[in-house]
Amino acid sequence: MAPEIIGAQSGPFVRLDYSSSDLWAVGAIAYELFNGLNPFYPYPQRTQCLQSNSYDELQLPEPPIDMPPLIRALVLSFLSRNPNKRTQVTTGVNVCHICLHMSPSLIRKVLATNCHIKRSKLVFQWIKTLTMTTLSKRRTQFNSRELSQIE
Numbered sequence: 001m002a003p004e005i006i007g008a009q010s011g012p013f014v015r016l017d018y019s020s021s022d023l024w025a026v027g028a029i030a031y032e033l034f035n036g037l038n039p040f041y042p043y044p045q046r047t048q049c050l051q052s053n054s055y056d057e058l059q060l061p062e063p064p065i066d067m068p069p070l071i072r073a074l075v076l077s078f079l080s081r082n083p084n085k086r087t088q089v090t091t092g093v094n095v096c097h098i099c100l101h102m103s104p105s106l107i108r109k110v111l112a113t114n115c116h117i118k119r120s121k122l123v124f125q126w127i128k129t130l131t132m133t134t135l136s137k138r139r140t141q142f143n144s145r146e147l148s149q150i151e
């Protein structure tokens with residue numbers, strides 16, 4: 001359970017803000033998917049596990065080396081104790097989309113670019129290419145359907 005929810009004080013007029021708690025849960029699940037173990041779950045072979053209401057981000061076990069760097073940063077951001085420091089949902093979705101569809105060489109090029117403007121141009125170029133590819137495939141699907149209906 002997210003730190004801000006588990007640590008909240010209950011009362012008659014208390015309103016719990018769940019807006020970022022789902023991000024924290026996604027971070028914990030993603031961490032488990034990549035690492036094999038959830039740092040907050042008390043496995044029998046583990047002597048101690050992290051408590052979601054009192055852990056420090058530095059206590060999180062190191063994610064695996066083969067975890068993509070962008071996903072690694074995203075997951076660690078989602079596991080931030082402070083809900084205001086967590087990456088926004090839309091940003092997280094965009095990062096995942098980029099990791100799934102961008103070529104590894106372009107990702108390396110973007111990450112190696114120090115200039116924010118050059119980096120933005122590279123990402124924009126990739127988005128334009130992806131859009132044109134998607135539109136072309138869609139158009140081809142429509143054309144082949146129309147062609148088969150005529151035949």
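Note that the UniProt record's numbering numbers the sequence shown so that position 82 is 82, with each residue one more than the last. Ideal Cβ placement from N, Cα and C applies to all residues, glycine included.
Throw me the rounded Cβ distance for the V75 and P63 pair, which I believe falls under 8 angstroms.
As a first step, residue 75 is located in the sequence shown; it is residue number 75 there, counting from the start. As a first step, residue 63 is located in the sequence shown; it is residue number 63 there, counting from the start. Beta-carbon to beta-carbon, V75 and P63 are separated by about 7 angstroms, close enough to satisfy the 8 angstroms threshold.
Can you say whether residue 152 is buried or exposed, counting buried as having 16 or more other CB atoms within 10 angstroms of its CB?
Coverage of the chain is limited to positions 1 through 151, which leaves residue 152 absent and any answer about it impossible.
Other residues of its chain near T87: CB distance less than 8 angstroms, five sequence neighbours each side excluded
One-based indexing of the sequence shown puts residue 87 at position 87. The answer, listed in chain order, is L23, L74, S77, F78 and V95.
Report the option in Y43, L100, T133 and P39 whose CA atom is closest to the CA atom of Q51.
As a first step, residue 51 is located in the sequence shown; it is residue number 51 there, counting from the start. It is P39 whose Cα lies nearest to the Cα of Q51.
Are there 16 or more other CB atoms within 10 angstroms of the CB of L147, so buried, or fewer, so exposed?
In the sequence shown, counting from the first residue as 1, residue 147 sits at position 147. Note that L147 scores a pLDDT of 45, beneath 50, so its modelled location is shaky; the value from the coordinates is reported in the next line. That one is exposed.
How long is the line joining the alpha carbons of residue 210 and S136, rounded to whole angstroms?
With the chain covering only 1 through 151, there is no way to say anything about residue 210.
Please report the Cβ distance between S21 and I5, rounded to the nearest whole angstrom; I am assuming they are in contact, meaning their Cβ atoms lie under 8 angstroms.
Your numbering for residue 21 matches position 21 in the sequence shown. Your numbering for residue 5 matches position 5 in the sequence shown. That pair is a contact at about 5 angstroms.
Would you mind giving the Cβ-Cβ distance between I71 and C49, rounded to the nearest angstrom? I have them listed as a contact below 8 angstroms.
On the sequence shown, position 71 is the one that residue 71 refers to. On the sequence shown, position 49 is the one that residue 49 refers to. Their Cβ separation, rounded to whole angstroms, is 23 angstroms, which puts I71 and C49 out of contact at 8 angstroms.
Quick check on V14: does DSSP put it in helix, strand or coil?
Looking up residue 14 in the sequence shown gives position 14. If DSSP states are grouped into helix, strand and coil, V14 belongs with coil.
Label Y43 either buried or exposed according to how many other C-beta atoms from any shown protein chain fall within 10 Å of its C-beta, with 16 as the threshold for buried.
Sequence index remark: in the sequence shown, residue 43 carries index 43 (1-based). Under this definition Y43 is an exposed residue.
Go through its chain and collect everything with a Cβ distance to Q59's Cβ below 7 angstroms, but skip five positions before and after it.
Taking the sequence shown and counting its residues from 1, one reaches residue 59 at position 59. For Q59, where only same-chain residues beyond five positions count, the Cβ hits under 7 angstroms are L50.
Return the Cβ separation of A8 and L16 in integer angstroms, given the expectation that the two are a contact with Cβ distance under 8 angstroms.
Within the sequence shown, residue 8 is the residue found at index 8, counting from 1. Within the sequence shown, residue 16 is the residue found at index 16, counting from 1. Confirmed, Cβ separation roughly 5 angstroms.
Same chain only: Cβ atoms within 7 angstroms of V26, ignoring 5 sequence neighbours per side
As a first step, residue 26 is located in the sequence shown; it is residue number 26 there, counting from the start. So the list reads F78, once near-sequence residues are dropped.
Of the choices P83, T90, W126 and V89, whose alpha-carbon is the least far from that of P104?
Here the question's residue 104 lines up with position 104 in the sequence shown. Comparing Cα-Cα distances from P104 to each of P83, T90, W126 and V89, the minimum goes to W126.
In the DSSP assignment, the alpha helix (DSSP H) including A28 goes from what residue to what residue?
Within the sequence shown, residue 28 is the residue found at index 28, counting from 1. According to the DSSP assignment, A28 belongs to the alpha helix (DSSP H) that extends over S21 to N35.
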